[in-house]
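Engineer: Reading the sequence shown from the start, the letters are residues 1 to 302 in the working numbering.
Below are the structure tokens for one structure; questions will follow.
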Amino acid sequence: MNTEQIKYLIDEIANLGVLALSFTGGEPTLRKDLPELIYYTGVEHGFMNGMATNGYLLPKLFKEHKIEGLDYILISLDYPTSELHDRMRGLKTFDRIIESIHLANKHDIKVIISTVVMKDNIHLMDDICQLAERLGCSLEIYPCEDIIRDYTNESYQIQDIQKMIPDISVWADQIRILRKKYRNILTDPISIEVVEKGFGGYPQYSQKTLRCHVAEAYLFISHDGFISYPCKIHPIKRFNALKYPISTIYNSQSAKKIMKMHDNYRFCDKCRLGCAIASSIPTRWKTLYAKYIKGFIDGGLR
Numbered sequence: 001m002n003t004e005q006i007k008y009l010i011d012e013i014a015n016l017g018v019l020a021l022s023f024t025g026g027e028p029t030l031r032k033d034l035p036e037l038i039y040y041t042g043v044e045h046g047f048m049n050g051m052a053t054n055g056y057l058l059p060k061l062f063k064e065h066k067i068e069g070l071d072y073i074l075i076s077l078d079y080p081t082s083e084l085h086d087r088m089r090g091l092k093t094f095d096r097i098i099e100s101i102h103l104a105n106k107h108d109i110k111v112i113i114s115t116v117v118m119k120d121n122i123h124l125m126d127d128i129c130q131l132a133e134r135l136g137c138s139l140e141i142y143p144c145e146d147i148i149r150d151y152t153n154e155s156y157q158i159q160d161i162q163k164m165i166p167d168i169s170v171w172a173d174q175i176r177i178l179r180k181k182y183r184n185i186l187t188d189p190i191s192i193e194v195v196e197k198g199f200g201g202y203p204q205y206s207q208k209t210l211r212c213h214v215a216e217a218y219l220f221i222s223h224d225g226f227i228s229y230p231c232k233i234h235p236i237k238r239f240n241a242l243k244y245p246i247s248t249i250y251n252s253q254s255a256k257k258i259m260k261m262h263d264n265y266r267f268c269d270k271c272r273l274g275c276a277i278a279s280s281i282p283t284r285w286k287t288l289y290a291k292y293i294k295g296f297i298d299g300g301l302r
């Protein structure tokens, strides 16, 4: 989409009453109009405005543009040293991430470090927590996942992914221990339980604390202007938001039918994705909404 098409959709999202928006990808910093879109979203519309990035182009973005309207940056960091992180990423991003965090702090933009836990870095979680604490960052920690992405005519799955996925019970126990030690960890007890047991899925619920509300609470709008339901991983239905008003799409019978299914689809079985959990917690417990969002931004979620 071009700049004006994206602004049109931002207007549509605002008219629907949405409170928060995040630029993700892919890699959003590849777009030259990103500063303009951030300003339009965060300043002109007043969204709680975020961005998910690998951090590689952030120093250049901060140095060449005045970034206004951005509340937080979710930045990927999987290892506490440049040698380990850059080797896994295949790109020298570690030093740029550290530089970006300092620049963000200077501009009063909160940084949330997002760490994917794998078999070869689970023993480094304490080191990553220490690093995040020194840098003044909040931290979300979720395990590597076996994700099957469904497209129109095909599915994609990473080969040999099981070799990377850690023991989920070990992950859960370690996060519970780390939460007692560090106040900046955002992965809360409910999230830990859902990750450990998975969403209900098909045919039986594996945990009864939380159902998935991702189709109800999130709008996944892709680069081509299409909205996917129930989520971007398993798009059962895709609607052209450049052709139909977003409010019409969201309130359509087709979308509402998918929302009511929650996590009863076969592909939902054992799903433990952070996007689904983050959207479902404040939907399930409305009184926790402000606390959850504030904790997400400020850290120290309890």
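For every residue, glycine included, the Cβ atom is placed at its ideal position computed from N, Cα and C.
1. Measuring alpha carbon to alpha carbon, tell me which of Pro80, Tyr72, Gly225, Lys92 ends up nearest Leu103.
2. Work out the CA separation of Ser254 and Phe94 for me, nearest whole Å.
3. Compare the beta carbon distance of Gln139 and Thr115 with 9 Å and say whether it is the shorter of the two.
4. State the CB to CB distance for the pair Thr187 and Tyr229, rounded to an integer number of angstroms; the pair is presumed to be in contact (CB under 8 Å).
5. Specify, as a first and last residue, the run of the beta strand (DSSP E) that Phe23 falls within.
6. How is the alpha helix (DSSP H) around Pro35 delimited, first residue to last?
7. What separation, rounded to the nearest whole angstrom, lies between the Cα atoms of Val21 and Met48?
8. If you count every other CB in all the chains shown that lies within 10 Å of the CB of Thr287, and 16 or more means buried, which is it?
9. Between the Cα of Arg183 and the Cα atoms of His223, Glu133, Ile147, which residue gives the shortest distance?
10. In angstroms, rounded to a whole number, what distance separates the CA positions of Lys181 and Val111?
11. For Ser191, which residues in the same chain have their Cβ closer than 7 Å to its Cβ, ignoring the five residues on either side in sequence?
12. Could you give the DSSP three-state label for Leu91: helix, strand or coil?
13. By the three-class DSSP mapping on this structure, what secondary structure does Glu27 have?
14. Can you check which of these residues, Leu210, Val117, Ile75, Ala172, is closest to Cys144 by C-alpha distance?
15. Per DSSP, Arg149 forms a beta bridge with which residues?
16. Alpha carbon to alpha carbon, what distance is there between Leu135 and Ile233?
17. How would you write the range of the alpha helix (DSSP H) that Glu193 sits in, first residue to last?
18. With DSSP as the reference, label Glu140 as helix, strand or coil.
19. Bridge partners of Gly50, per DSSP?
Structural biologist: Taking the geometry as given:
1. Out of Pro80, Tyr72, Gly225, Lys92, Tyr72 has the C-alpha closest to the C-alpha of Leu103.
2. Between Phe94 and Ser254, the alpha-carbon positions lie close to 44 Å from each other.
3. Going by the sequence as given, residue 139 is Leu instead of Gln. Cβ atoms of Leu139 and Thr115: closer than 9 Å.
4. At roughly 26 Å, the Cβ-Cβ gap does not stay under 8 Å, so Thr187 and Tyr229 are not in contact.
5. Per DSSP, Phe23 is one residue of the beta strand (DSSP E) stretching across 20-23.
6. That run of the alpha helix (DSSP H) goes 34-39.
7. Checking the sequence shown, residue 21 turns out to be Leu, not Val. A direct Cα-to-Cα measurement between Leu21 and Met48 gives close to 6 Å.
8. Because Thr287 sits at a pLDDT of 47, beneath the cut-off of 50, its placement in the model cannot be relied upon, and the following sentence gives the value as read from the coordinates. Residue environment: Thr287 is assigned as exposed (fewer than 16 neighbouring CB atoms within 10 Å of its CB, all protein chains considered).
9. Scanning His223, Glu133, Ile147 for the CA closest to the CA of Arg183 turns up Glu133.
10. Taking the straight line joining both Cα atoms gives about 20 Å.
11. Exclusion of the five residues before and after Ser191 leaves Ile277 as the residues of its chain whose Cβ lies within less than 7 Å of its Cβ.
12. In the three-state reduction of the DSSP assignment, Leu91 falls in the coil class, being assigned neither a helical nor a strand state.
13. In the three-state DSSP reduction, Glu27 falls in the coil class, being neither helix nor strand.
14. Among Leu210, Val117, Ile75, Ala172, the Cα nearest to that of Cys144 belongs to Val117.
15. Its beta-bridge partners are Tyr156.
16. Rounded to whole angstroms, Ile233 and Leu135 show a C-alpha spacing of 32 Å.
17. Under the DSSP assignment, Glu193 falls in the alpha helix (DSSP H) whose first and last residues are 189-197.
18. Strand, per DSSP.
19. Gly50 is bridged by DSSP to Ser22, Tyr72.
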